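Numbering (the working numbering), first residue to last: 232 to 766.
Every residue, glycine too, gets a C-beta built ideally from N, C-alpha and C.
None of the values given here were measured: they were computed from a predicted structure.
Since the structure comes first, as structure tokens, the remarks are kept for the end.
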């Protein structure tokens, strides 16, 4: 037990160190974390760290999916539902079929095994592509489609995976029955996820305690995931539906105290989960290396190269027709949603990083069939899955930035970001004007002294003056200078309070209350900064 805890502490230290290195060298942390995991796996004396498939599918995946769903806008998800479904369902099925056909005709895998392998490597990861893409200032719609695809495609892949696995174990497969079951699973999980989201928000509002609310928020993804998964579904769709429901309905039901604490709580949880996931994925290289000694190396390399080429080609072959063909066939769609430039689907097609869900699905394969025979091609499937994950993560992570720059996609993202900033400034100004009208209406009904009114109006004027004038670029520089000076004043105030505590003039409890106000003000400054880069 002590050795396991020491290994865990080592992994935490590596996680922190790699994060610092990634920031220093401006490299996506996921790449360095996976490479660090591979390197640590071969350190002499380092114990073997296995990645249990149930850890990924039942413990790690639910909070990742739920957090991403809550962070996503339901309005934008609904607006981009067509491309998201085409990728999350259509592209996964198409890629699975392509891999099955290629491996059957070119290396002689049985159809059922080919479909199983295809279902494992078909879905791009939900974490790594966004972690890389968000750093590149891409247009928001590309990020929304990538995020929506990453949220939903695991459900399609895991359902196909179970169908293919059942066909191998039982020996028969019915396409009409599988299609009907697929639709039933989707409808049932959407309804269940919305129900869990509704219940979670009502319980959190009823509790009225931030600690209890955060505990309920941590339980919510597991409730929405585990029950559908236990009865034969995927759990992914229910968790996505739950998260989107909370995202849309939560702002008016969740208290400000819970929201402030929840941001830091969930940021830390997701940071640790994602970092450990990539580290542990890299750690699997050692176990695979040991197994590869008893397996023909040529077979591993040929199968991995073939599947890797197929998943890349299949994504491009699906995405361009899926982007432009519906617009060619539908005039109303063409007028409502004009065709994007060819560079956008290219970036979407290129950003097809596979992740730990693919590896977990491969690890979860049984060792034997019901009749006692060894599961066919199990080790080969495991090698191919890891190879595809490794090459796509490293390859895309290192080549995507120059490709995005070369295609000019980042420029469109920067222009979009500037427009979004202008809209945000206008929205803040309009909200303050609406609050001022409310102040006049509220004070008309109550007896409020002139001094209180002056304080309230002064607060309103200060907040209004802090907003840069979108029509005057020089105001951005003024606002930035004011923000920097305010930070210096906060630092001076914090130092003075520390001296008062050291001299015994105030208690620690008093110091904490004052510090909390200063911390909130400093956090507010960071939230109001208007930069040229991504938010």
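Report yes if the CB atom of residue i is closer than 7 angstroms to the CB atom of residue j, and no otherwise.
{"i": "residue 506", "j": "residue 264", "result": "yes"}
{"i": "residue 631", "j": "residue 363", "result": "yes"}
{"i": "residue 380", "j": "residue 315", "result": "yes"}
{"i": "residue 352", "j": "residue 546", "result": "no"}
{"i": "residue 637", "j": "residue 325", "result": "no"}
{"i": "residue 466", "j": "residue 453", "result": "no"}
{"i": "residue 388", "j": "residue 418", "result": "no"}
{"i": "residue 377", "j": "residue 354", "result": "no"}
{"i": "residue 386", "j": "residue 501", "result": "no"}
{"i": "residue 516", "j": "residue 259", "result": "no"}
{"i": "residue 471", "j": "residue 428", "result": "no"}
{"i": "residue 534", "j": "residue 338", "result": "yes"}
{"i": "residue 695", "j": "residue 663", "result": "yes"}
{"i": "residue 251", "j": "residue 511", "result": "no"}
{"i": "residue 551", "j": "residue 576", "result": "yes"}
{"i": "residue 666", "j": "residue 392", "result": "no"}
{"i": "residue 560", "j": "residue 291", "result": "no"}
{"i": "residue 367", "j": "residue 641", "result": "yes"}
{"i": "residue 424", "j": "residue 297", "result": "no"}
{"i": "residue 747", "j": "residue 698", "result": "no"}
{"i": "residue 484", "j": "residue 522", "result": "no"}
{"i": "residue 749", "j": "residue 725", "result": "yes"}
{"i": "residue 620", "j": "residue 594", "result": "no"}
{"i": "residue 689", "j": "residue 317", "result": "no"}
{"i": "residue 721", "j": "residue 742", "result": "no"}
{"i": "residue 413", "j": "residue 450", "result": "no"}
{"i": "residue 570", "j": "residue 562", "result": "no"}
{"i": "residue 410", "j": "residue 394", "result": "no"}
{"i": "residue 464", "j": "residue 531", "result": "no"}
{"i": "residue 249", "j": "residue 267", "result": "yes"}
Report the CB separation of residue i from residue j in whole angstroms; it is logged as a contact under 8 angstroms.
{"i": "residue 300", "j": "residue 242", "result": "Not quite, the Cβ-Cβ distance comes to about 27 angstroms (not below 8 angstroms), so this is no contact."}
{"i": "residue 480", "j": "residue 375", "result": "Contact doesn't hold; Cβ gap of about 20 angstroms is too wide."}
{"i": "residue 348", "j": "residue 612", "result": "5 angstroms"}
{"i": "residue 493", "j": "residue 445", "result": "6 angstroms"}
{"i": "residue 618", "j": "residue 539", "result": "7 angstroms"}
{"i": "residue 333", "j": "residue 537", "result": "6 angstroms"}
{"i": "residue 513", "j": "residue 269", "result": "4 angstroms"}
{"i": "residue 303", "j": "residue 644", "result": "Their Cβ separation, rounded to whole angstroms, is 18 angstroms, which puts residue 303 and residue 644 out of contact at 8 angstroms."}
{"i": "residue 635", "j": "residue 543", "result": "Not really, about 17 angstroms apart at Cβ, beyond 8 angstroms."}
{"i": "residue 447", "j": "residue 458", "result": "That pair is no contact at about 16 angstroms."}
{"i": "residue 328", "j": "residue 342", "result": "Not a contact, Cβ separation roughly 10 angstroms."}
What is the residue span of the alpha helix (DSSP H) that residue i lies within?
{"i": "residue 202", "result": "The question about residue 202 has no answer here: the residues shown for the chain are numbered 232 through 766."}
{"i": "residue 315", "result": "312-316"}
{"i": "residue 293", "result": "292-302"}
{"i": "residue 696", "result": "681-696"}
{"i": "residue 385", "result": "371-401"}
{"i": "residue 480", "result": "467-480"}
{"i": "residue 356", "result": "Note, residue 356: premise wrong, no alpha helix (DSSP H); not H, not E."}
{"i": "residue 340", "result": "Per DSSP, residue 340 belongs to no alpha helix (DSSP H) and is neither H nor E."}
{"i": "residue 269", "result": "260-272"}
Buried or exposed, going by whether 16 or more other CB atoms sit within 10 Å of the CB of residue i?
{"i": "residue 384", "result": "buried"}
{"i": "residue 650", "result": "exposed"}
{"i": "residue 646", "result": "exposed"}
{"i": "residue 772", "result": "Shown here, the chain extends from 232 to 766; a query on residue 772 therefore has no answer."}
{"i": "residue 294", "result": "buried"}
{"i": "residue 766", "result": "Legend: pLDDT at residue 766 = 30, less than 50; position of this residue unreliable, no value from coordinates given."}
{"i": "residue 684", "result": "exposed"}
{"i": "residue 751", "result": "exposed"}
{"i": "residue 763", "result": "Because residue 763 carries a pLDDT of 34, less than 50, the predicted location of this residue cannot be relied on, and the following value inherits that uncertainty. Classification for residue 763: exposed."}
{"i": "residue 441", "result": "buried"}
{"i": "residue 623", "result": "buried"}
{"i": "residue 628", "result": "buried"}
{"i": "residue 462", "result": "exposed"}
{"i": "residue 358", "result": "buried"}
{"i": "residue 346", "result": "buried"}
{"i": "residue 768", "result": "In the structure displayed, the chain extends from 232 to 766; residue 768 sits before or after that span and is not available."}
{"i": "residue 274", "result": "exposed"}
{"i": "residue 323", "result": "buried"}
{"i": "residue 614", "result": "buried"}
{"i": "residue 598", "result": "exposed"}
{"i": "residue 246", "result": "buried"}
{"i": "residue 288", "result": "buried"}
{"i": "residue 566", "result": "exposed"}
Quick check: is any heavy atom of the ligand SAH less than 6 angstroms from the C-beta of residue i?
{"i": "residue 586", "result": "With respect to the ligand SAH, the structure offers nothing, as it holds no ligand at all."}
Item checked: Entirely enclosed alpha helix (DSSP H) segments - the stretch 608-666, minimum 4 residues -> 609-638
Checklist line | Start-end ranges of the alpha helix (DSSP H) lying completely within the stretch 517-604, minimum 4 residues | finding: 528-560, 562-567, 574-581 and 587-594, all fully within the stretch 517-604.
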